[in-house]
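**Q** According to mature numbering (1 follows the signal peptide of the UniProt record, and there is no 0), the sequence shown holds residues -20 to -1, 1 to 552 in order.
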Amino acid sequence: MANLWQLMLLVWMWIPPGLSSTSFIGSPQQCETAHFVPGYNLGGEGFDIVTMERKGAYVIDTETWNLGNGTCKMYRNSYQNGENQKVPVSVADWRNLPKCSMKVSGMLYDSVESLVNDSTSSVTNDWKIDLNIPVDPTVTVGVGLGGSHSRASEFGMKKSKSDRYEFVRQSVSCNFYRYRLTTSPPLSRDFLAAVNSLPPYRPGKASPYLDLIDTYGTHYITQVYLGGEIKATTSFQTCKATMNGFTSTDVSDCLTVEASANFASSASVKAMIKHCEAKKKTLRSGQSFSSEFNERFTEVTGGDEVGVVLFGGGLDPDVYKNWLNSLKTIPDIVQYNLKPLHTILPENHRAKNGLKKEVEQYIFKNAVLKKCSETCQIGHRSNQRDPCACVCNSNKNVKANCCPAGKGLAILKVYKLYARGLYGDNWGKTDGSVEVKYGDQLKRTKIISNDDNPKWPEKFDFGQIVINMQNKLTFSVYDEDTHWNSDLLGWCSFELRKGLVTDSCMFNHGTFFFTYSVECAPSLGGSRCDEYISSPMNPSLAKEFYTRNGVLLGDTMKKFSKPARRASLDQF
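1) Between V148 and M87, how many whole angstroms is the CB-CB distance? I'm expecting something under 8 Å.
2) For T222, name the three-state secondary structure that DSSP assigns.
3) Out of L335, Y342 and R424, state which residue places its alpha-carbon closest to the alpha-carbon of S177.
4) Mind checking whether L190 and S70 have CB atoms under 8 Å apart?
5) What number of angstroms, rounded off, separates the C-alpha of D116 from the C-alpha of K439?
6) For W107, report the span of its alpha helix (DSSP H) as first-last.
7) Any idea which residues DSSP pairs N317 with across the strands?
8) Could you check whether the Cβ of V289 sits closer than 7 Å to any heavy atom belonging to the ligand SAH?
9) A247: buried (16+ other C-beta within 10 angstroms of its C-beta) or exposed?
10) Please tell me whether residue 561 and V348 are closer than 8 Å, where the distance is taken between their beta carbons.
11) Buried or exposed: where does T218 fall if 16 or more other Cβ atoms within 10 Å of its Cβ makes it buried?
12) Using the DSSP secondary-structure output, state which residues sit across from F135 in a beta bridge.
13) Expressed to the nearest angstrom, what Euclidean distance is found between the alpha-carbon atoms of A186 and E209?
14) Would you identify the three-state DSSP class for K423, choosing helix, strand or coil?
15) Rounded to the nearest angstrom, what separates P36 and L325 at their Cα positions?
16) Suppose you measure from the CA of E505 to the CA of I513; what does that come to, to the nearest Å?
17) Hey, does F474 have any beta-carbon neighbour from chain B nearer than 8 Å?
18) Measuring only the C-alpha atoms, how far is L235 from T227?
19) Using three-state DSSP, classify D535 as helix, strand or coil.
20) Using only CA atoms, which one of D461, D467 and S497 lies nearest to L476?
21) So, do the region 352 to 367 and the region 448 to 458 have three or more beta carbon pairs nearer to each other than 8 Å?
22) Apply the 10 Å Cβ neighbour rule to I109 and answer buried if 16 or more other Cβ atoms are within range, or exposed otherwise.
23) Determine the direct distance from the alpha carbon of D441 to that of N433, and round the result to whole angstroms.
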């Protein structure tokens, strides 16, 4: 027998390094002393698709390696000096993966709802298979299933209620290993005991089933890609960025460029560098895009996480090198396949159908339904991808996203023009008119004849203007003897300020009075309409809505009576 083991080992050792993903049976002596492959117990864990978190409770037995006679299944790990390592009996098709390129990718989300919908992107299969959750677009338009309470979703949810936000995610990852579970893996003793202790299912009295979901989640992990990932999710105020001259694409692309500083740059990143360097010059002195747009949270998966961030400025490149090397020893899950929890149970198990129904209901209650919380202040809704987005006709003052194109944008109206005690002619009364100028716009009243105390009826609407240091609101009052011979009785100019303003100016003979109103464009404030003003949700709506334009289906279900609660799943 010993000679047979030696022969098998000799044959296996001739397999070229880096190409072996074939298992071999280790001897009892080898198996007792061999290490497990890195991340051997990351598959088979319970997973909650709503919170996108691993539960730390095992559905599958990932500790038993003994095949029954002291032997075990083994693989050669080329990332750990060709060491022979064992796997649990529940693991199949373990293999090394080729080295990664470590290139940064960026993804732009134009709303928090799109961020929520993408929060399940690390799941590489259809996690809804074997679950009866309505996904027909004709029935559930705008429903986002899964991920509504992930860290990224909750980060975005809080931001979205305080202003119009967009989100961008930069990430870099590297996978070193992968494996899947066997077709019929052994269950963990704790899970088996828990599921066997469940009483017969009774709708409305499902507390033990909910307790099981709370412990083990909605799914279990069946296949894993192991390594590490650095992921940074940045939020930025849509109109504030627009007002400062940055498109959403500028923010996304230039953050990707900065995040790529310590990693390999793709051709697309290299193409963006020149544009981003030019845009960077418009930032405040010494600022970078990552410091200007700094509302973010970073998630580091796998390896030695100490000091690892994606936007590190002058961070020592060795930090990333050390982190990358540590992934070979302490990897974590980067991507995974899932199966619903009930599918691991045999068809005749008394808890199978009840567990399935409660998982479906739990996911459905926490799904996000698209619902617009407000009307458009300006513009209209015509965006098919996002039915709640307001769209404007782009011009020099307003962009297509209905944000101001720059600072100082306002609407100016001038009215209530009158004078007292004018003195125009020695031989008669004043034939007065007023010329009102702002920027390149010039307005003129009609002539009021023979009146030293005229009241001009005109109301001048200057429309959209830009308040700046160069332009002042100027009034010139004339005595019109003829159309070609007018005497200037006096003039005055004023710097505009927000609000309703009534003022006057004194001439050598008489006093002129006027009123004007300045209304800042949406998202602008301050005396000169040059300060950004956020647009928070109405407090009562903020309590009703989960995101700015989304509600949890569970909250809408509260409108139905308790006996109809289960049937409400079909109402949407």
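Where is the CB? At the ideal position from N, CA and C, for every residue including glycine.
**A** This is what the structure holds:
1) At roughly 7 Å, the Cβ-Cβ gap stays under 8 Å, so V148 and M87 are in contact.
2) Under the three-state reduction of DSSP output, T222 falls in the helix class.
3) Put simply, of L335, Y342 and R424 the residue whose alpha carbon is nearest the alpha carbon of S177 is L335.
4) When the beta-carbon positions are compared, L190 and S70 stay at least 8 Å from each other.
5) Caution applies to D116, whose pLDDT of 44 falls short of 50 and renders its modelled position unreliable; the value that the coordinates give is listed next. Straight-line Cα distance between these residues: approximately 55 Å.
6) From DSSP, W107 is part of no alpha helix (DSSP H); its letter is neither H nor E.
7) Q203.
8) Absent from the structure shown: the ligand SAH. Ligands present: none.
9) Exposed.
10) Outside the modelled stretch of the chain, which goes from -20 to 552, sits residue 561, for which no answer is possible.
11) Result: buried.
12) When DSSP reads this structure, F135 sits in no beta bridge, so it has no partner.
13) A186 and E209 have their C-alpha atoms spaced approximately 38 Å apart.
14) Three-state result, K423: strand.
15) Here residue 36 is Gly; the residue named in the question, Pro, does not match the sequence. Spanning the two alpha carbons is a distance of roughly 20 Å.
16) In the sequence on display, residue 505 carries Gly and not Glu. Cα to Cα, G505 sits roughly 6 Å from I513.
17) Among the protein chains of the structure shown there is no chain B, as only one such chain exists.
18) Their Cα atoms are separated by approximately 12 Å.
19) Correct three-state label for D535: helix.
20) Taking only the C-alpha atoms, the option nearest L476 is S497.
21) Flag = no, the region 352 to 367 and the region 448 to 458 do not touch.
22) Under this definition I109 is an exposed residue.
23) Between N433 and D441, the C-alpha separation is close to 24 Å.
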